[in-house]
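Asks:
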Amino acid sequence: MDRIRIVGGQRLSGTIPISGAKNAALPLMIASLLTRETLTLHNVPRLADVNLLGRILGNHGVDVTIAGKRPGQRTTDGQTFRLTAAEIVDTTAPYEMVARMRASFWVLAPLVARCGRAKVSLPGGCAIGTRPVDLHITTLEKLGAEIELEGGYVIARAPRGLTGNRIELSKVSVGATHNALMAAVLAKGETLVENAAREPEVVDLGNCLIRMGARIEGLGTSTLWIQGRETLHGAEHTVLPDRIETGTYAMAAAMTGGEVMLDGARADLLQEALQILRLSGIEVEERATGIRVARNGGGLRPVSVETQPFPGFPTDLQAQLIALMCTASGTSTVRETIFENRFMHVQELARLGAKIELKGDTALVTGVSGLRGAQVMATDLRASVSLIIAGLAAQGETVIGRVYHLDRGFERIEDKLRQCGAHIERLSS
Numbered sequence: 019m020d021r022i023r024i025v026g027g028q029r030l031s032g033t034i035p036i037s038g039a040k041n042a043a044l045p046l047m048i049a050s051l052l053t054r055e056t057l058t059l060h061n062v063p064r065l066a067d068v069n070l071l072g073r074i075l076g077n078h079g080v081d082v083t084i085a086g087k088r089p090g091q092r093t094t095d096g097q098t099f100r101l102t103a104a105e106i107v108d109t110t111a112p113y114e115m116v117a118r119m120r121a122s123f124w125v126l127a128p129l130v131a132r133c134g135r136a137k138v139s140l141p142g143g144c145a146i147g148t149r150p151v152d153l154h155i156t157t158l159e160k161l162g163a164e165i166e167l168e169g170g171y172v173i174a175r176a177p178r179g180l181t182g183n184r185i186e187l188s189k190v191s192v193g194a195t196h197n198a199l200m201a202a203v204l205a206k207g208e209t210l211v212e213n214a215a216r217e218p219e220v221v222d223l224g225n226c227l228i229r230m231g232a233r234i235e236g237l238g239t240s241t242l243w244i245q246g247r248e249t250l251h252g253a254e255h256t257v258l259p260d261r262i263e264t265g266t267y268a269m270a271a272a273m274t275g276g277e278v279m280l281d282g283a284r285a286d287l288l289q290e291a292l293q294i295l296r297l298s299g300i301e302v303e304e305r306a307t308g309i310r311v312a313r314n315g316g317g318l319r320p321v322s323v324e325t326q327p328f329p330g331f332p333t334d335l336q337a338q339l340i341a342l343m344c345t346a347s348g349t350s351t352v353r354e355t356i357f358e359n360r361f362m363h364v365q366e367l368a369r370l371g372a373k374i375e376l377k378g379d380t381a382l383v384t385g386v387s388g389l390r391g392a393q394v395m396a397t398d399l400r401a402s403v404s405l406i407i408a409g410l411a412a413q414g415e416t417v418i419g420r421v422y423h424l425d426r427g428f429e430r431i432e433d434k435l436r437q438c439g440a441h442i443e444r445l446s447s
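Structure follows, in structure tokens:
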């Protein structure tokens with residue numbers, strides 16, 4: 019397995035281009051199942067998860083092509099995907115594919131909506147009822163689908179099509195909202211989705227579906243109204259910039275005491291996170307072309323944060339914030355309200371000299387004068403990048419193992435950081 023080696027203590031200075039959002043690109047690619055015509059997506063990031071989903075969609079009969087490089091195009095520019103599902107040849111999503119990426123479970127709704135049937139494996143390690151897969155199932159049942167669970171698969175049937183209905187989600191779920199949208203746009207009649215997720219990635223999917231001919235109102239609010247259509251058509255859509263990547267590089271700049279321009283970032287997508295950075299003593303300037311982040315000589319102040327659905331502080335930035343607060347002058351409180359067991363990075367940060375105490379769903383982070391390099395192990399995507407942030411500031415050498423997690427969600431992270439002065443390299447096995 020590849021590892022990443024960092025020699026810490028270097029200030030970051032320069033420009034980092036922000037890629038298209040993985041969490042938007044994946045449901046947008048899945049939306050191609052809803053039409054026989056071509057869906058063209060611009061600014062698609064170069065990520066392992068994107069490539070894997072392309073193969074999964076190909077198994078269903080989607081023709082996926084990636085446009086070649088154009089004159090003047092930089093390697094930092096996103097890709098253009100053309101996805102054409104002229105004919106769905108297979109409505110089964112097998113375990114060996116779905117187990118590798120949880121988001122691929124979202125093919126369930128468009129397959130049922132368009133074909134009247136689907137057989138999709140439960141995601142690997144999923145215990146139904148404790149993870150929000152049950153919300154996907156009850157959503158489809160509300161729209162008239164018959165659901166069976168058999169041999170680790172969800173088997174959904176709606177031979178006469180789906181019918182609009184009122185859906186009240188029992189908890190805010192981005193995935194369930196994606197599925198509700200993709201099912202309702204081809205259902206007969208009107209659908210009302212209450213307690214819907216408000217995340218920018220949900221809005222991005224909704225806007226793309228509208229370009230494909232869907233009628234949707236209420237995007238960005240907790241109540242969505244959808245008027246079903248018999249068919250949707252092709253469209254062109256540009257994936258929005260990645261707010262999690264934006265917040266991650268902002269915290270990396272803050273951690274090292276540097277100054278970085280996040281090119282293409284949109285401040286409106288992560289106002290709460292930017293406000294937390296300002297409270298911690300970081301200079302954040304919103305510009306027309308991106309966001310400038312700087313910490314020139316000042317110390318870091320501790321903060322108190324709870325993760326919340328959008329527009330609150332994102333759970334996907336929790337690990338990065340804990341890394342940043344490891345050298346603040348005082349004790350920070352970080353409470354995780356979205357996911358259980360999302361503190362796996364804490365024990366690895368402790369190997370670098372961090373002082374973190376866990377109390378249930380809350381991490382108490384007491385700042386230390388400095389971190390020291392060490393060998394650490396990545397446990398998941400966000401934990402991986404929190405170790406990179408800490409390693410950039412730690413004295414000496416940090417070697418991070420199992421970095422394949424990073425390739426799922428961060429495009430060319432070593433190149434982007436190296437261009438701003440970081441001493442970072444990938445060690446291939």
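Numbering (the numbering used here), first residue to last: 19 to 447. In this text, a Cβ means the ideal position worked out from N, Cα and C, and glycines have one as well. These figures come from a predicted structure and were not determined experimentally.
#1: I'd like the list of long-range same chain contacts for C226, defined as Cβ closer than 7 Å, with 5 residues on each side in sequence excluded.
#2: Thinking C-beta only, is D334 closer than 7 Å to R400?
#3: Between the segment 373-393 and the segment 344-352, can you find at least three pairs of beta-carbon atoms closer than 8 Å?
#4: Which same chain residues end up closer than 7 Å to E429 when comparing Cβ atoms and leaving out the 5 residues on each side of it in sequence?
#5: Could you check if N41 is buried or exposed, using at least 16 other CB atoms within 10 Å of its CB as the buried criterion?
#6: What's the gap between the Cα of F361 and the Cα of A337?
#7: What whole-angstrom Cβ distance do P35 and G282 have, given they're in contact under 8 Å?
#8: Using CA coordinates, which residue listed in R23, L435, E55 and K137 is at the minimum distance from G231?
#9: Using DSSP bridges, identify the partner residues of R100.
#10: Rounded to whole angstroms, what is the Cα-Cα separation between K189 and H154?
#11: Below 8 Å on the Cβ atoms is my guess for M273 versus A368; work out the distance and round it to an integer in Å.
#12: What residues in its chain sit with their C-beta under 8 Å from that of H78, if we drop five residues either side in the sequence?
#13: In chain order, what residues of the same chain have a beta carbon less than 7 Å from the beta carbon of R120, not counting five sequence neighbours either side?
#14: Taking the Cβ atom as the reference point for each residue, do G371 and S31 lie within a distance shorter than 7 Å?
#15: Please check if any C-beta of chain C sits within less than 7 Å of the C-beta of A411.
#16: Along the chain, which unbroken stretches of the beta strand (DSSP E) at least 3 residues long are found entirely within the segment 340-385?
#17: Mapping the DSSP letters down to three states, classify V68 as helix, strand or coil.
#18: How many angstroms separate the CA atom of L280 from the CA atom of R426?
#19: At what residue ranges does the segment 209-293 contain a whole run of the beta strand (DSSP E), taking only runs of 3 or more?
#20: Measure the Cβ-Cβ separation of I24 and I356 and say whether it is below 7 Å.
#21: To the nearest whole angstrom, what separates the beta carbons of N197 and K160, a pair I think is in contact under 8 Å?
#22: In terms of residue numbering, what span does the alpha helix (DSSP H) encompassing G427 cover?
#23: Can you give me the Cβ contacts of E166 inside the same chain, cut-off strictly under 6 Å, excluding the 5 residues immediately before and after it?
#24: Which of the three DSSP states is assigned to A43 in this structure?
#25: Does P177 pass the burial test, meaning 16 or more other C-beta atoms within 10 Å, or should it be called exposed?
#26: Identify the continuous beta strand (DSSP E) that holds I185 and give its terminal residues.
#27: Tell me which residue opens and which closes the beta strand (DSSP E) that Q33 is part of.
#28: Which same chain residues, not among the five before or five after A408, have their C-beta less than 8 Å away from its C-beta?
#29: Rounded to whole angstroms, what is the Cα-Cα separation between K434 and E263?
#30: Are the segment 283-293 and the segment 68-84 in contact at 8 Å, needing three or more beta carbon pairs?
#31: Mind checking which residues open and close the beta strand (DSSP E) that includes S322?
#32: Tell me whether T307 is buried or exposed, calling it buried when 16 or more other Cβ atoms sit within 10 Å of its Cβ.
#33: What's the gap between the Cα of D222 and the Cα of D379?
#34: What is the C-beta distance between R29 and G265, in whole angstroms, given that I count them as a contact (C-beta under 8 Å)?
Replies: Once the coordinates are examined:
#1: L46, A49, A253 and H255
#2: yes
#3: yes
#4: S37, P63, R64 and L65
#5: buried
#6: 7 Å
#7: 6 Å
#8: E55
#9: T58 and T83
#10: 12 Å
#11: About 17 Å separates the two Cβ atoms, so there is no contact after all.
#12: L51, A103, I106, V107, D108, T109, A111, V125 and L129
#13: P141
#14: no
#15: Included in the structure is just one protein chain, with no chain C present.
#16: 349-353, 373-377 and 380-384
#17: helix
#18: 21 Å
#19: 233-235, 241-245, 253-256 and 277-281
#20: no
#21: The Cβ separation is near 11 Å, so there is no contact.
#22: Y422 to G427
#23: I173
#24: helix
#25: exposed
#26: R184 to E186
#27: Looking at the sequence itself, residue 33 is Thr, so the reference to Gln does not match. First-last of the beta strand (DSSP E) with T33: S31 to P35.
#28: M273, A341, C344, L367, L370, A372, L389 and T416
#29: 11 Å
#30: no
#31: S322 to E324
#32: exposed
#33: 31 Å
#34: Rounded, the Cβ-Cβ distance is 19 Å, inconsistent with contact.
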